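Peer 1: Here it is, the structure in full.
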Amino acid sequence: MDDSDRQADQNALTATLNSFYLYRRAAHHNVTGRRRELYARMSERHRAVLAQTTGFLHNLEQIDVAIDQNSGLLELVAQIGANEFEAPQDRSEWASASTVDMDKAQGTLKQIYRDWSAEGERERATCYGPLLAEIDRLVGDGDRRQVRVLVPGCGLGRLPFELAANGYTAQGNEFSYHMLVASYFFLNHTTLAGQFRVYPFVGSFSHLRTHDDQLAAFAVPDVVPAAVFAGLAADDADPAGLPRFSMTAGAFVDVYSDPAMAWDVVATAFFIDTAPNVLEYIETIRAVLARSSASKRYWVNCGPLLWHFESGHDDQPAGIELPMADLVKVIESYGFVFDKLEHGIQAAYATNPRAQGSWVYNNTLWVARLADK
Ligand code: SAH
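For the record, in the sequence shown the residue sitting at position 248 is 268 according to the working numbering, with numbers rising by one throughout.
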């Protein structure tokens, strides 16, 4: 990294930390404050109807309490993250959070539900579940510790955590500081199951049957990763001395262009569509698998094709957005053989389980084997 890259990296970190700290003020303003203002401007008659039938203002107070709980957690996550990722002590040097950063802070709360609550298991089972099952099937009764599994774009880290807990040598990779800072916290700094309560859906008033559905609270984490890791530490068996669980920070294609790194399995969940140029992802996945000395090397994937660069937001460059059938042909052209290719695997993503409607993805699950050289 040269100096300007270093500065950009530090700005991304500190803008993220700021977004966690600013969540409290922003959410009180946007979620409850603006509605109180609107209420105050309504006619007395309308206010009376709402007050008598719904307890409107009381509900807003409860939402404020939930926002405070979320804020306490995000501030703690930011505090630990500032320390671990070595943000400048002087917060006046921190970059300001953009509206995108603020949205990501809100999104992080939903990801915490997805990856680290017991109730999130319903979602996890529809995506991580098939991947874990396929890997178990492929490895059979082989020594799992000798099988290295890489999870690019691992979000809050639950999938690589499950892999390590199930006996594999797993590594997650992420480039978003929102995800890196929050996953670091959940993976390393939680000490009790259910230590925190999170209200991930408090910011949304749509698709609710009752007010309580907005206040859905989830105890997190459902497991204490640090306790699981402590049990694994004595059990490392990777020939190159890789720990059973590790994380890397940085863009997937950059981090794994280092020819020293070899992986036996690459597992992608909701990841491939984040690429501006998916061919780069495919080449990188092929390259890390090609370096593996295992007799069979696999790419397992479960996810949609919600091409992230299609929106063209934030002055992003355009991307290459292929339909699934074309993507499969491209992947085959790189020497992969599809042992399994299933469409229509239904999965929700970080959505309120109590909502009256939510988007359901029809995901594609595949097991692609890298053919022998
Ligand atoms: N696998 C997780 C997260 C999926 S969202 C889950 O199923 O919940 C996609 C993730 O990929 C995001 O966390 C995003 O930050 C990350 N990501 C996008 N582009 C990336 C890149 N080039 N390198 C590493 N991570 C990336």
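Glycine residues also receive a C-beta, built at the ideal position from the N, C-alpha and C atoms.
From a predicted model like this one, the values you see are computed outputs, not experimental measurements.
From residue 22 to residue 149, what does the alpha carbon distance come to, in whole angstroms?
Peer 2: About 41 Å.
Peer 1: Excluding the 5 residues flanking residue 116 on each side, which residues of the same chain have their C-beta closer than 8 Å to its C-beta?
Peer 2: Hits under 8 Å: 35, 38.
Peer 1: With a threshold of 6 Å, establish whether the CB of residue 36 neighbours any heavy atom of ligand 1.
Peer 2: Because no heavy atom of ligand 1 lies under 6 Å away, the Cβ of residue 36 does not count as near it: no.
Peer 1: Check whether the Cβ of residue 194 lies closer than 6 Å to any heavy atom of ligand 1, and answer yes or no.
Peer 2: At least one heavy atom of ligand 1 is nearer than 6 Å to the Cβ of residue 194, so yes.
Peer 1: Here's the rule I'm using: 16 or more other beta-carbon atoms within 10 Å means buried, otherwise exposed. How should residue 372 be labelled?
Peer 2: Buried, by the Cβ-count rule.
Peer 1: Given residue 191, which residues of its chain have a CB within under 6 Å of its CB, disregarding the five upstream and five downstream residues?
Peer 2: Cβ within range, chain order: 170, 266.
Peer 1: Measuring straight from C-alpha to C-alpha, what distance separates residue 359 and residue 79?
Peer 2: Whole-angstrom Cα-Cα distance: 53 Å.
Peer 1: Can you name the start and end residues of the beta strand (DSSP E) that residue 189 belongs to?
Peer 2: Looking at the DSSP string, the run of the beta strand (DSSP E) that includes residue 189 is 189 to 194.
Peer 1: Could you check if residue 184 belongs to the surroundings of ligand 1, using beta carbon to heavy atom distance under 6 Å?
Peer 2: No; taking the cut-off as 6 Å, the Cβ of residue 184 has no heavy atom of ligand 1 nearer than that.
Peer 1: Can you determine whether any heavy atom of ligand 1 sits closer than 6 Å to the C-beta of residue 294, and answer yes or no?
Peer 2: Yes, the Cβ of residue 294 comes within 6 Å of a heavy atom of ligand 1.
Peer 1: Does the distance from the CB of residue 326 to the CB of residue 293 come in under 7 Å?
Peer 2: Yes; because the gap between Cβ atoms is below 7 Å, this pair is in contact.
Peer 1: Do the region 171 to 186 and the region 276 to 294 touch if we need at least three Cβ pairs shorter than 8 Å?
Peer 2: The answer is yes - the region 276 to 294 touches the region 171 to 186, with three or more Cβ pairs under 8 Å.
Peer 1: Name, in chain order, the residues that DSSP records as bridge partners for residue 217.
Peer 2: According to DSSP, which records beta bridges pairwise, residue 217 is partnered with 239.
Peer 1: Give me whichever residues DSSP pairs with residue 288 in a beta bridge.
Peer 2: DSSP output for residue 288 lists 321 as bridge partner(s).
Peer 1: Please find out if some non-hydrogen atom of ligand 1 comes closer than 6 Å to the beta-carbon of residue 105.
Peer 2: False, no ligand heavy atom lies under 6 Å from that Cβ.
Peer 1: Can you give the beta carbon distance from residue 350 to residue 302, rounded, assuming they're within the 8 Å contact cut?
Peer 2: About 7 Å; that satisfies the 8 Å criterion.
Peer 1: When you measure from the CB of residue 174 to every non-hydrogen atom of ligand 1, does any distance come out below 6 Å?
Peer 2: Within the cutoff, so yes.
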